[in-house]
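Here the working numbering is used: position 22 in the sequence shown is 28, and no number is missing along the way.
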Amino acid sequence: MLLLGATSLYLMSTLGIGLLISTISRTQQQAMMSAFFYYFPAMLLSGFVFPIANMPEAVQWLTYLNPLRYFLVIIRGIFLKGVGPDILWPQMAALLMLGATTLWVATRRFQKTIG
């Protein structure tokens, strides 16, 4: 159940980013290219390919805006360490905050494009 809840928070944040990209873009091609240019660095900065501790300090600060960073900590914690919500709540709170913020900004922007 913890993994289901964490995955829901991660999906909320990534859907918010996707909606934000779609509201900023004028064409479908521009949206697809923007999504590609977001996804590739997000994957590299998540800690999945390279450890975050080995990155330059400025880049380490940038990784705090990446939802995949927090989700990978949650996945590793649940599957490899068997920890519960008492340990993973900071990552889940960060995902909730990122997801709520991106969805809020995306919906505000979407309302401006409709009206």
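For every residue, glycine included, the Cβ atom is placed at its ideal position computed from N, Cα and C. None of these values were measured; they are calculated from a predicted model.
Three-state secondary structure assigned by DSSP to residue i
i     : result
Arg32 : coil
Ser1  : As shown, the chain starts at 7 and ends at 121. That puts residue 1 outside it, with no answer to give.
Met7  : coil
Leu51 : coil
Val89 : coil
Phe46 : helix
Residues of its chain near residue i, where Cβ-Cβ distance is below 8 Å and the 5 sequence neighbours each way are ignored
i      : result
Met116 : The sequence given here places Phe at residue 116; Met does not occur at that position. Cβ within range, chain order: Leu25 and Thr29.
Ser40  : Ile27, Ile30 and Ser31
Own chain residues within Cβ distance below 7 Å of residue i, not counting five before or after
i     : result
Ala37 : Ile27, Ser28 and Ser31
Range covered by the alpha helix (DSSP H) that runs through residue i
i     : result
Tyr76 : Pro73 to Arg82
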